[in-house]
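End of the sequence shown = 566 in my numbering, gap-free, step of one.
Each residue gets a CB set at the ideal place from its N, CA and C atoms; glycine is no exception.
Input: a single structure, listed below in structure tokens.
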Amino acid sequence: MLKHLHIENFALVDRLDIDFRDGMNTLTGETGAGKSIIVGAIAQLLGEKADRNDIRSGTGLAVIEGEFDIGDNAEISKALDQAKIDYTPGAITLRREISLNKSSKTFINGQLATLTQLREITRYMAELFGQHSHQQLLDEKNHQGFLDRFAGLSEQVEKLRQIFQDWQAAKQRLTRLESKKETEKNERELLLFQRDEIEKAKIRIGEEEEILSEKKILDSAQMLGQKASLILEMLDRDDNAALNILGGCRRHLNEMASLDKKLEPKADLMENAIINLEELRADIESYLSSIPDDPERLEQINLRLDELYRLKKKYGGSEEMILKTLEKIHDQLGSKLDVEEQLKILRDEEKRRRHEYSALASQISDRRKKSAEKLSRVIEKELELVGMNSARFEYEFIYEPDPDGIEFDGRRIRPNPDGFESGHFLISANPNEPVKPLARTASGGEISRIMLALKAADKQMTGKHKMLLVFDEIDAGIGGRTAGMVASRLEKLARTSQLLVITHLHQIASLSEHHYAVEKIESGGREKRNVVSVRQLDESEKKAEIERMLSLPENSKV
9 MLKHLHIENF
19 ALVDRLDIDF
29 RDGMNTLTGE
39 TGAGKSIIVG
49 AIAQLLGEKA
59 DRNDIRSGTG
69 LAVIEGEFDI
79 GDNAEISKAL
89 DQAKIDYTPG
99 AITLRREISL
109 NKSSKTFING
119 QLATLTQLRE
129 ITRYMAELFG
139 QHSHQQLLDE
149 KNHQGFLDRF
159 AGLSEQVEKL
169 RQIFQDWQAA
179 KQRLTRLESK
189 KETEKNEREL
199 LLFQRDEIEK
209 AKIRIGEEEE
219 ILSEKKILDS
229 AQMLGQKASL
239 ILEMLDRDDN
249 AALNILGGCR
259 RHLNEMASLD
269 KKLEPKADLM
279 ENAIINLEEL
289 RADIESYLSS
299 IPDDPERLEQ
309 INLRLDELYR
319 LKKKYGGSEE
329 MILKTLEKIH
339 DQLGSKLDVE
349 EQLKILRDEE
359 KRRRHEYSAL
369 ASQISDRRKK
379 SAEKLSRVIE
389 KELELVGMNS
399 ARFEYEFIYE
409 PDPDGIEFDG
419 RRIRPNPDGF
429 ESGHFLISAN
439 PNEPVKPLAR
449 TASGGEISRI
459 MLALKAADKQ
469 MTGKHKMLLV
479 FDEIDAGIGG
489 RTAGMVASRL
499 EKLARTSQLL
509 VITHLHQIAS
519 LSEHHYAVEK
529 IESGGREKRN
539 VVSVRQLDES
549 EKKAEIERML
559 SLPENSKV
């Protein structure tokens with residue numbers, strides 16, 4: 009329930025404070041007095057997008073603040089908890105600031121909030137009905153929403169929309185994979201081939217360097233043998249060989265040392281030289297016998313080098329790079345399931361989500377059918393109370409055939425985010441006339457009364473938590489006896505809700521518990537400007553206002 013409304017620098021409002029009461033509150037005034045500004049301010053508190061054009065000319069900041077009594081409404085408390093907003097049980101304050109040069113701000117209980125949070129919280133607190141509501145009723149796309157709200161299905165339908173979205177996403181993933189099944193399969197087969205090729209090669213870091221050294225020796229075996237044989241010949245295999253010559257030198261030097269002791273060290277040097285040469289000869293002989301003569305091994309090495317060069321060119325310029333490529337291939341294979349396995353997983357997911365959608369959509373469909381019959385009876389009864397005694401009101405379900413759709417009630421139909429069906433309201437306002445689509449047959453006055461009937465029938469309006477209902481000219485297109493009946497119905501509705509009614513009809517104003525007059529007055533000061541004023545009327549003032557509403561132009565005849 010809205011207890012207090014503060015408006016500052018909004019449209020033609022300079023500064024305005026209004027206290028509202030429980031029950032039925034009416035606002036009356038001349039056309040253009042500013043009644044719609046009050047409605048616009050409340051719309052801002054309910055989450056309507058801010059418009060800088062609404063800021064009063066000559067100012068830079070418009071402020072709208074509302075104090076609400078929310079009782080022990082669990083839905084509002086839950087929404088506040090989810091938004092992490094502190095609150096005192098039973099009360100909430102909403103504030104909008106519309107700035108000319110900065111971003112507009114939203115506050116809930118003094119805490120900065122988003123418009124989404126504001127809308128989520130206020131949808132349990134208040135509703136505004138005006139000409140836009142009439143347009144909603146004339147748009148058949150909205151009719152199922154009215155039915156779902158009456159049936160208490162809003163949350164389930166929202167859940168169904170999410171399930172439908174998840175299902176469609178699963179179908180798209182499956183379709184995409186099926187369309188590139190061959191590509192995925194080829195990619196996996198290539199990775200498997202590359203993995204096997206590298207693993208089969210048994211790459212070892214340093215191997216290339218080792219076998220290149222071995223190849224160098226094998227390639228030079230003949231030349232190395234010839235050189236080794238030549239060295240051996242030069243050492244001791246002919247008369248002029250080094251060891252033979254040095255042997256003669258040693259004999260002469262030993263004879264000389266026997267005569268001259270000073271030559272003994274020289275004789276020792278000669279002996280050591282001969283010993284070293286003999287060791288060298290033995291080593292060369294051993295080396296000569298060890299020189300490999302293995303054409304098969306050379307062929308193996310050449311083949312291995314060819315393989316290493318090919319793998320390096322294909323997977324990287326070194327043994328290290330080839331092994332790193334192998335690691336990457338293993339990672340890719342680990343993340344790439346077999347295509348058929350992926351398809352099975354996606355098919356199972358699509359089937360599970362389709363079944364989940366179908367199960368909930370079937371439940372919703374059953375509830376809709378039962379609720380549609382009940383809604384028809386309730387609306388027809390409500391329409392009797394507002395002067396449409398012979399009216400018949402129905403809801404027609406529409407199913408779209410689809411051979412590839414879901415089987416439901418023995419036929420295949422196209423599913424949609426809101427379920428198996430769509431639909432629209434049908435009405436006949438006159439006896440013995442067939443029902444026809446409401447959007448094409450109802451007059452303006454009938455639309456107003458049907459809207460009132462729908463609101464009266466709404467379960468959320470008849471619960472234990474009172475909501476604020478703002479009716480902006482619900483009386484459009486009606487008058488006389490019908491206006492009196494609408495007024496009586498509003499009075500009855502005010503027993504379970506707080507009503508704020510903008511009206512031009514004295515029948516409605518006369519039944520209100522709290523009457524407010526909206527006027528456009530000229531402000532004081534040097535600059536004369538019009539400002540909107542709202543004052544609550546006492547009984548005598550209310551009587552005078554109703555007389556004004558009843559007044560006729562001069563010289564008119566009744």
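Item, Value
"Helix, strand or coil at Q468 according to DSSP, with G and I counted as helix", "At Q468, the pLDDT of 45 sits below 50, so the modelled position is not reliable; the number obtained from the coordinates is stated separately. In this structure, Q468 counts as helix in the three-state DSSP scheme."
"CB contact flag (I406, S436, <9 angstroms)", "no"
"7 angstroms CB neighbourhood of D483 in its chain, flanking five on each side removed", "S456, A491, V494, T511, H512, L513 and I516"
"Extent of the continuous alpha helix (DSSP H) run through H512", "Premise fails: H512 is in no alpha helix (DSSP H) and is neither H nor E."
"First through last residue of the alpha helix (DSSP H) which encompasses L545", "That residue, L545, is in no alpha helix (DSSP H); it is neither H nor E in DSSP."
"Exposure of M231, with buried meaning 16 or more beta-carbon neighbours within 10 Å", "exposed"
"DSSP three-state assignment for A495, whether helix, strand or coil", "helix"
"Beta-carbon gap between V443 and E481 smaller than 9 angstroms", "no"
"Exposure of L126, with buried meaning 16 or more beta-carbon neighbours within 10 Å", "buried"
"For Y95, the three-state DSSP class (helix, strand or coil)", "coil"
"M242 and L261 closer than 9 angstroms at C-beta", "no"
"Nearest residue (CA-CA) to K193, options T124, Q350, N109 and K377", "Q350"
"Within 9 angstroms, strictly: CB atoms of L199 and Q340", "yes"
"Where T67 sits in the DSSP three-state scheme", "coil"
"Cβ distance (whole Å) where L476 is taken to contact M9 below 8 angstroms", "6 angstroms"
"contact_flag[the segment 148-161, the segment 374-384] where n(CB pairs < 8 angstroms) is 3 or more", "yes"
"DSSP three-state assignment for K444, whether helix, strand or coil", "strand"
"Proximity below 9 angstroms, CB of F137 to CB of K536", "no"
"Cβ shell of S518 (< 7 angstroms), same chain only, five flanking positions each side left out", "I554"
"Three-state secondary structure assigned by DSSP to K11", "strand"
"The segment 412-427 touching the segment 381-388, judged by at least three CB pairs closer than 8 angstroms", "no"
"Contact the segment 114-132 vs the segment 79-88: 3+ CB pairs below 8 angstroms", "yes"
"Proximity to D2 [Cα-Cα], best of R361, I26, S162 and E195", "Outside the displayed range of the chain (9 to 566) lies residue 2, so it cannot be described from this structure."
"Counterpart residues of A134 in DSSP-defined beta bridges", "L476"
"For Q371 and R184, the rounded distance between their alpha carbons", "31 angstroms"
"The segment 326-335 touching the segment 276-292, judged by at least three CB pairs closer than 8 angstroms", "no"
"Proximity of K11 and D77 at Cβ, strictly below 9 angstroms", "yes"
"CB contact flag (G233, I299, <9 angstroms)", "yes"
"Between the CA atoms of K110 and L13 - distance to the nearest angstrom", "24 angstroms"
"Runs of beta strand (DSSP E) lying entirely within the segment 358-439, each at least 3 residues, in chain order", "400-406, 409-416, 419-421 and 430-436"
"Per DSSP, the bridge partner or partners of F18", "V21 and I63"
"Within 9 angstroms, strictly: CB atoms of L508 and F479", "yes"
"Cα-Cα separation, A82 to T96", "13 angstroms"
"Cβ neighbour criterion (16 or more within 10 Å) applied to R556", "exposed"
"Proximal residues to Q544 (C-beta, below 6 angstroms), its chain only, five neighbours per side dropped", "Y524"
"Whole-angstrom C-beta distance between I72 and M133, which should lie under 8 angstroms", "Incorrect: roughly 15 angstroms between the Cβ atoms, too far for contact."
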